[in-house]
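Contents: one structure, followed by commentary.
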Amino acid sequence: MGPTAVQEQGSRPDLPAGTVVLAATPIGNTGDASQRLKDLLEGADLVAAEDTRRLYDLANRLGVRVGGRVIAYHDHNERKQSDPILDQVQAGACVLVVSDAGMPTINDPGLAIVRRAIERGLPVTCAPGPSAVLDALALSGLPTDRFCYEGFLPRKEGERRQYLRTLRGERRTMVFYESPRRLPASVESLVEAFGPERRMALCRELTKVYEQVERGSLGQIRDFIQQNPPRGEIVLVLAGASREEAAEAAPEALSEEALARLALERSRREGVRVKEAIAQVVAEHPLPDGSIPKRKAVYSAALALQGKTE
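Each number in my numbering corresponds to the 1-based position in the sequence shown with 6 added.
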C-alpha cells in the first residue's frame, strides 16, 4: 500500500496508519498521560482495550473523546482476536492497544498481537509512558545498571520456594509484582531464600496520592508489613547477590556420567529400576538455571557404564 492510500485510511495524517500502536496508560496519576496518548485515543480507527469501561473512564478524565471503534482485548480472548484486528491493520487502520494501566505486554495483554503482527510482517510501534517497574526501580535506591523483571511470584508456597532458589545467585536487581493479600507469605519466602539482611524496597500506590516507598533489609520490611499491612498495588525491588553470595549459591552441575553413577548405585541399593532411579537423581540435582538434566542423556551414560562393568 502506498503512502497516499495509508494517509487516506488513517483518521489523522499524523497517526500511523496500517500500524499496531501499544500505548502506555497512567498507572495512577492521570497527569502522566502523554499528548500522544490523547491523540491516539481520539484518532485511532480501532482501540483494543483490556477493560472498555476503564478506557472510557480514562478518556473522560483526560477530557478526550474516543473516536474509533472500541473492542475488548484481554487475557481470555487475545489470541482469538489478534488476527481479526490485524486484518484491519493490513487494510490500513491505525489500531491502538491499551491495558488498564502501564504498558501492554508487561503482565498485561498485548504479546499475542505483537507476535502475530511480526509473523504477518505488519508494523508495530509503541507510545511509551508510565511504568510501575521503572518507577519502583528508580525510587528503590538499589543498583539500576543491571536489573531483571520477574513478574508475580508463584502463588503456591512450594512452587514459590523452588522458583526463588533459582534466583539465589542472581546478581542483577530484581523487580516483582505482588498483591496485598499474598505479600506477607511472599516476603517470608524471600527472607527464607535470600536471608533477612538482603536489601529491598517495597513500593505501593506509585504516582498516586498515597504513594509510599519503604526501604530496608528484608527482615525490616517483613516487620513493617506485619505492623502495617499495605494496601493497593505493590512492587518489590530486591538487591542482587554479591559476588560472594552468587558464588556460594551456584550449584555444582554434575556431569551426566556422575548422575548415571548415582542412579546405578541407588538402583542397586534400593532395588528400583534404573529409569526410576535416574528420574529421582536428576530431580535432586538441578542445573544452575534451575532446569532438570535430560534423563535420556543420563540413561545413555548409565548404559555405557553398565557395558564397561560387564
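C-beta: ideal position from N, C-alpha, C; glycine also.
Rounded distance between the beta-carbons of residue j and residue i, thought under 8 angstroms
{"i": "residue 301", "j": "residue 283", "result": "Rounded, the Cβ-Cβ distance is 11 angstroms, inconsistent with contact."}
{"i": "residue 119", "j": "residue 92", "result": "7 angstroms"}
{"i": "residue 88", "j": "residue 122", "result": "4 angstroms"}
{"i": "residue 244", "j": "residue 189", "result": "The pair is not a contact, with the Cβ atoms about 13 angstroms apart (cut-off 8 angstroms)."}
{"i": "residue 251", "j": "residue 225", "result": "About 16 angstroms; that fails the 8 angstroms criterion."}
Neighbour-count burial assignment, residue i, 16 or more Cβ in a 10 Å radius
{"i": "residue 25", "result": "buried"}
{"i": "residue 227", "result": "buried"}
{"i": "residue 116", "result": "buried"}
{"i": "residue 56", "result": "buried"}
{"i": "residue 235", "result": "exposed"}
{"i": "residue 129", "result": "exposed"}
{"i": "residue 309", "result": "exposed"}
{"i": "residue 297", "result": "exposed"}
{"i": "residue 150", "result": "exposed"}
{"i": "residue 299", "result": "buried"}
Sub-8 angstroms separation of residue i and residue j beta-carbons
{"i": "residue 223", "j": "residue 205", "result": "yes"}
{"i": "residue 175", "j": "residue 255", "result": "yes"}
{"i": "residue 46", "j": "residue 132", "result": "no"}
{"i": "residue 220", "j": "residue 199", "result": "no"}
{"i": "residue 153", "j": "residue 179", "result": "yes"}
Residue i to residue j span [Cα, whole Å]
{"i": "residue 183", "j": "residue 307", "result": "42 angstroms"}
{"i": "residue 210", "j": "residue 241", "result": "6 angstroms"}
{"i": "residue 194", "j": "residue 143", "result": "21 angstroms"}
{"i": "residue 141", "j": "residue 212", "result": "7 angstroms"}
{"i": "residue 36", "j": "residue 136", "result": "10 angstroms"}
{"i": "residue 21", "j": "residue 94", "result": "15 angstroms"}
{"i": "residue 274", "j": "residue 292", "result": "23 angstroms"}
{"i": "residue 232", "j": "residue 30", "result": "34 angstroms"}
Nearest to residue i (by Cα), restricted to the options the options
{"i": "residue 80", "options": "164, 53, 291 and 263", "result": "53"}
{"i": "residue 266", "options": "304, 108 and 151", "result": "304"}
{"i": "residue 102", "options": "58, 69, 126 and 67", "result": "58"}
{"i": "residue 32", "options": "275, 49, 48 and 67", "result": "67"}
{"i": "residue 201", "options": "139, 220 and 171", "result": "171"}
{"i": "residue 173", "options": "72, 273, 276 and 253", "result": "253"}
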